[in-house]
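Visitor: Add 60 to the 1-based position in the sequence shown for the numbering used here, that's all there is to it. Okay, here's the structure, questions in a sec.
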Amino acid sequence: MELRQLNYFVTLADTLNFSDAATKLFITQGTLSQQIKQLEAEVGTSLFFRTSHSVELTEAGKELLPLAQKTVESSTECSIKMKELTKEVTGTLFIGVTHSFSELIIKTLNIYVKQFPQVKLNIHYGTASELYEMLLEHKLDIILAFKPAVMYEDVESELLFSCELGAVMNKNNPLAKKDKLTLEDLGKCKVILPGSGLQSRKAFERFVDVDTSHLNICVEANDINIILKALVDTNMVSILSTLAVHLRPSLTALPIEGIKRVMNGCVHYLKHTYKKRATVEFIKILHENAAIGRLMMD
């Protein structure tokens with residue numbers, strides 16, 4: 061049983077598509093099919109059900125998968141450690157990012173790629189729940205997201221910064237003249253809210269301890285860019301992290317009565333997992349840039 065075959069098996073089990081798996085592995089479908097058949101011959105049973113329309117794991121395949129994943133991951137980790145003994149910072153760093161961290165990730169990337177040109181960065185934008193799922197499946201090395209109310213048992217978090225939720229609006233909005241808003245004020249506005257899967261929405265629902273059913277929620281969107289564009293062009297109001305307006309001079313964020321807590325922006329990674337040097341160096345720069353950002357906002 062060869063490590064290469066186990067890697068092919070794990071990739072096919074992930075995609076359940078010979079064409080997609082072959083593309084990921086940079087081999088032909090014929091080569092992939094041949095190697096899988098050789099692996100099946102060696103273990104003495106079929107690992108996949110194959111039809112003209114689908115590919116599925118057999119019971120034996122499901123039993124082998126976690127063992128094969130651990131073997132492939134251990135091999136990759138071993139290779140990384142050996143390279144790092146030579147003091148090289150190389151490889152690929154897989155990073156998950158939520159929208160609120162856009163400015164921080166861009167600043168960090170600009171510095172990182174200059175200091176470590178041999179590292180390839182793979183950036184994936186998504187909702188926090190999507191990114192945590194990918195992290196737990198070892199598809200990401202780190203994620204940048206606000207700390208959830210209930211932490212995942214296998215995830216470690218390092219605090220980068222803290223910020224508040226605010227009522228975000230165009231500076232030309234009459235309400236922008238106030239020092240702060242009440243929920244009664246918000247009830248008189250057309251409100252555009254982040255979709256239910258986004259962290260700002262979850263935080264708003266969690267932190268506000270009064271009835272918000274009177275709010276005139278006319279739009280919900282799961283893309284923060286759409287919300288920010290609407291705020292620039294209209295007099296609607298949204299509930300977002302105050303970071304959202306940091307680089308948008310036409311918008312402002314006011315505090316809201318009833319919001320009790322802050323949101324903690326963190327870098328998250330798996331516990332009890334080897335952190336390659338590329339990851340460690342990236343986190344160092346994240347902390348440096350987050351500290352500079354805090355000074356700029358004070």
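Quick reminder that beta carbons are idealized off the backbone N, C-alpha and C, glycines included.
Mind checking who V179 pairs with in its DSSP beta bridge?
Guide: Sequence index remark: in the sequence shown, residue 179 carries index 119 (1-based). DSSP, once it has assigned bridges, lists G151 as partnering V179.
Visitor: Starting from the Cα of C249, find the closest Cα among G255, L235, I284, H332 and give me that residue.
Guide: What you label residue 249 is simply residue 189 of the sequence shown in a count that begins at 1. When each option's Cα is compared against that of C249, the closest is L235.
Visitor: Answer yes or no: does any C-beta atom of chain B fall closer than 8 Å to that of T312?
Guide: This model lacks chain B altogether, as it is built from one protein chain only.
Visitor: Could you tell me whether the segment 317 to 336 touches the segment 216 to 236, using the rule of 3 or more Cβ pairs below 8 Å?
Guide: Yes, the segment 317 to 336 is in contact with the segment 216 to 236.
Visitor: Nearest-angstrom Cα distance between I125 and A73?
Guide: Here residue 125 is taken as the residue at index 65 of the sequence shown, counted from 1. Here residue 73 is taken as the residue at index 13 of the sequence shown, counted from 1. Residue 125 is actually Leu in this sequence, not Ile. Between L125 and A73, the C-alpha separation is close to 8 Å.
Visitor: Three or more C-beta pairs under 8 Å: does that hold for the segment 293 to 302 against the segment 330 to 345?
Guide: No, the segment 293 to 302 does not touch the segment 330 to 345.
Visitor: Among K167, Q259, L195, whose alpha-carbon lies nearest the alpha-carbon of K331?
Guide: Along the sequence shown, one-based indexing puts residue 331 at 271. Comparing Cα-Cα distances from K331 to each of K167, Q259, L195, the minimum goes to L195.
Visitor: With distances taken between CB atoms, is the gap from L311 to K231 smaller than 8 Å?
Guide: Counted from its first residue, the sequence shown places residue 311 at position 251. Counted from its first residue, the sequence shown places residue 231 at position 171. Cβ atoms of L311 and K231: closer than 8 Å.
Visitor: So does the segment 111 to 120 actually touch the segment 68 to 86, counting three or more Cβ pairs closer than 8 Å?
Guide: Short answer: they touch.
Visitor: How would you label T152, buried or exposed, when you count the other beta carbons within 10 angstroms and need 16 or more for buried?
Guide: On the sequence shown, position 92 is the one that residue 152 refers to. With fewer than 16 Cβ atoms within 10 Å of its Cβ, T152 is classed as exposed.
Visitor: Do G121 and F108 have their beta-carbon atoms positioned less than 8 Å apart in this structure?
Guide: Translated into positions along the sequence shown, residue 108 becomes position 48. Translated into positions along the sequence shown, residue 121 becomes position 61. Against a cut-off of 8 Å, the Cβ pair of G121 and F108 comes out as a contact.
Visitor: Determine, using beta carbons only, whether A81 and T71 come nearer to each other than 8 Å.
Guide: As a working note, residue 81 is residue 21 in the sequence shown. As a working note, residue 71 is residue 11 in the sequence shown. A contact, by the Cβ cut-off of 8 Å.
Visitor: So for K336, helix, strand or coil by DSSP?
Guide: For the purposes of this step, residue 336 is taken as residue 276 along the sequence shown, with counting starting at 1. Coil.
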